[in-house]
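To start, the structure under review is shown below, and the notes come after it.
So, in structure tokens, the structure goes:
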């Protein structure tokens, strides 16, 4: 049977009010009804086993190029970035790039940046009432990624702005209404990175760009075009994402003072758990898109070539774990890894760096503050693309 012949429940993926508690109530109700639902332009995969299948099958790919075509993205810097994004490559091309860059993103490679992360978070997190998104979540990952790349820290605000706009290529409504701004961000960042790479070639240092320039495997090296696009991918993938996940971690700890007490009283054990639990419970990539590059049959249902699916980490992460609908740090959950970073060949390249960054932030908060209290309702963003917070009013004491 074709998936299009099924009588499926509907999900308003592009509904601007689909956020916060309503969003979680609706996806939970859908999951209780079916393993697959229908959304605008796509089908939503709600069950964990099915989610893992569609993330890993070689008969599906990331649909960035198709999304660009769908929203009439013509020739220009955005189209250039989409065509050369490692997310959109498969087969030998993707394998070659991953093999060349993987050494720069191992757990050990991420750990060497922890002292820098501690320095940065200590200079940002201060006591008192504040919008935590503005005071910490926005500057912290931008400063971190600038330092890791070898860019001047004073350029971090520009890097963050460019990253946030380019990330919106995955948000259909933004592509329709603010395409010119996304294009301009791409062009400006390309110009900036070409200059930065030239400077690093002339004067290498202890940073990611210099390491990628020097990286070699069996005589193979990254070309200039590959280098600039990989660095752009790292930047775009490492700012808005970490910003959004950190905001949710702090929100969840503020909403669950009993869990915050565990972190505060034993940070070495519970700070890493807080990060993993937030990644599971409130993934900032709640829906990962895949397009079928040939007909795919799963559970006697055929997904024809060209079908787009949205793999729902938001429901898959809560399935098969003890008390999965609650945010808890006192339950062992290691047996079931969250799908927040994806799975298969496109598992997030920067996952180890992101984890280190988030862990150091929570460790610093636990060592410095007794309480984290909400001062009002958090502002939830919409779910297409990166699902973060627009505001997080808290008081740190």
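In the numbering used here, the protein residues as written are 36 to 432. Backbone N, C-alpha and C define an ideal beta-carbon position, used for all residues, glycine too. Every value quoted in this text rests on a predicted model; they were computed, and no experiment measured them.
Item to complete: With a floor of 4 residues, list each alpha helix (DSSP H) that falls wholly inside the region 272-349, ordered by position along the chain.
Response: Listed in chain order, they are 275-290, 292-300 and 302-316.
Discussion item. Tell me which residues share the same chain as residue 295 and place their Cβ nearer than 8 Å to its Cβ, disregarding the 5 neighbours each side in the sequence.
Written reply: Cβ contact annotation for residue 295 (same chain, cutoff 8 Å, sequence separation greater than five): 288, 289, 406 and 407, in chain order.
Worksheet item: Per DSSP, what kind of secondary structure is residue 241 in: helix, strand or coil?
Response: In the displayed model, residue 241 falls within coil according to three-state DSSP, outside both helix and strand.
Discussion item. For a cutoff of 8 Å on Cβ pairs, would you count residue 87 as touching chain D?
Written reply: No chain D is part of this structure, which consists of one protein chain only.
Item to complete: Please name the residue in 424, 315 and 177 whose C-alpha comes closest to that of residue 366.
Response: The residue with the shortest Cα to Cα distance from residue 366 is 315.
Discussion item. Which same chain residues end up closer than 7 Å to residue 76 when comparing Cβ atoms and leaving out the 5 residues on each side of it in sequence?
Written reply: Excluding positions up to five away in sequence, the list reads 343.
Discussion item. Which complete beta strand (DSSP E) runs does the region 150-184 hold, if anything under 3 residues is left out?
Written reply: The qualifying runs are 163-166.
Discussion item. Tell me which residues share the same chain as residue 246 and place their Cβ nearer than 7 Å to its Cβ, disregarding the 5 neighbours each side in the sequence.
Written reply: Only 139 meet the Cβ criterion.
Worksheet item: From residue 310 to residue 204, what distance separates their C-alpha atoms?
Response: Taking the CA atoms as reference points, residue 310 sits about 27 Å from residue 204.
Item to complete: Note down, in chain order, each residue of its chain lying with its Cβ closer than 6 Å to the Cβ of residue 79, except the 5 sequence neighbours on either side.
Response: Closer than 6 Å at Cβ, skipping near neighbours: 46, 72, 345 and 347.
Worksheet entry | Between the CA atoms of residue 267 and residue 225 - distance to the nearest angstrom | For the pair residue 225 and residue 267, the Cα-to-Cα distance works out to about 8 Å.
Worksheet item: Considering only residues of the same chain and omitting the five flanking positions on each side of residue 94, which have a CB-CB separation below 7 Å?
Response: Taken in chain order, the residues that qualify are 327, 328, 329 and 331.
Fill in: For residue 45: DSSP bridge partner residues
Partner(s): 73.
Fill in: Cβ-based burial, residue 134 [other Cβ within 10 Å; buried from 16]
Exposed, by the Cβ-count rule.
Discussion item. Can you find the residues in the same chain that come closer than 6 Å, C-beta to C-beta, to residue 447, ignoring five residues on each side of it along the sequence?
Written reply: Outside the shown range of the chain, which is 36 to 432, sits residue 447, and nothing can be said about it.
Discussion item. Assuming contact is defined by CB atoms lying nearer than 8 Å, are residue 49 and residue 324 in contact in what I supplied?
Written reply: Judged by their CB atoms, residue 49 and residue 324 are not nearer to each other than the 8 Å cut-off.
Fill in: Identity of the residue in 151, 192, 99 and 69 nearest residue 170 by Cα
Closest in C-alpha terms to residue 170, from the list 151, 192, 99 and 69, comes 192.
Item to complete: Please determine if the region 407-419 and the region 142-160 are in contact, where contact requires at least 3 C-beta pairs separated by less than 8 Å.
Response: Per the Cβ contact rule, the region 407-419 is not in contact with the region 142-160 (fewer than 3 Cβ pairs under 8 Å).
Discussion item. Helix, strand or coil, according to DSSP, for residue 389 in the structure here?
Written reply: For residue 389, the secondary structure class from DSSP, reduced to helix, strand or coil, is helix.
Worksheet item: What three-state label does DSSP hand residue 428 in the structure shown?
Response: Three-state DSSP puts residue 428 in a strand.
Practice prompt. Rounded to whole angstroms, what's the CA-CA distance from residue 317 to residue 81? Just pull it up for me.
Written response: If I take the Cα positions, the gap works out to 15 Å.
Worksheet item: What does DSSP give as the partner residues of residue 79 in its beta bridges?
Response: Answer is 72 and 345, bridged to residue 79.
Fill in: Those residues which DSSP pairs with residue 201 across a bridge
Residue 201 is not bridged to any residue.
Worksheet entry | Opening and closing residue of the alpha helix (DSSP H) in which residue 132 lies | The continuous alpha helix (DSSP H) containing residue 132 extends over residues 126-136.
Practice prompt. Check whether the region 389-407 touches the region 293-307, taking contact to mean three or more Cβ pairs, one atom from each stretch, closer than 8 Å.
Written response: Counting Cβ pairs under 8 Å, three or more are found: they touch.
Worksheet entry | Short Cβ contact (8 Å threshold) for residue 176 with residue 277 | At a Cβ-Cβ threshold of 8 Å, residue 176 and residue 277 count as neighbours.
Practice prompt. Could you tell me which of 115, 90, 63 and 280 sits nearest to residue 168, measuring between CA atoms?
Written response: Per the Cα distances, 280.
Worksheet item: Which residues in the same chain as residue 250 place their Cβ atom closer than 6 Å to its Cβ, once the five residues preceding and following it in sequence are excluded?
Response: Residues 135 of the same chain have their beta carbon placed closer than 6 Å to that of residue 250, with the five preceding and five following residues left out of the count.
Worksheet item: Roughly how many whole angstroms lie between the Cα atoms of residue 341 and residue 244?
Response: Looking at the two C-alpha atoms, the distance is approximately 36 Å.
Worksheet item: What span of residues does the beta strand (DSSP E) with residue 407 cover, start to end?
Response: Segment 407-409, the beta strand (DSSP E) holding residue 407.
Practice prompt. Ignore the nearest five residues each way along the sequence and tell me which others in residue 382's own chain have a CB closer than 7 Å to its CB.
Written response: Around residue 382: 376.
Worksheet item: What residue does the alpha helix (DSSP H) around residue 145 start on, and which one ends it?
Response: First-last of the alpha helix (DSSP H) with residue 145: 142-146.
Fill in: Residue nearest to residue 363 in terms of C-alpha spacing, selected from 335, 410 and 312
The closest CA to that of residue 363, considering only 335, 410 and 312, is found on 312.
Worksheet item: Around the C-beta of residue 174, are 16 or more other C-beta atoms found within 10 angstroms, so that it is buried, or is it exposed?
Response: Under this definition residue 174 is a buried residue.
Practice prompt. On the DSSP bridge assignment, give the partners of residue 415 in chain order.
Written response: 424.
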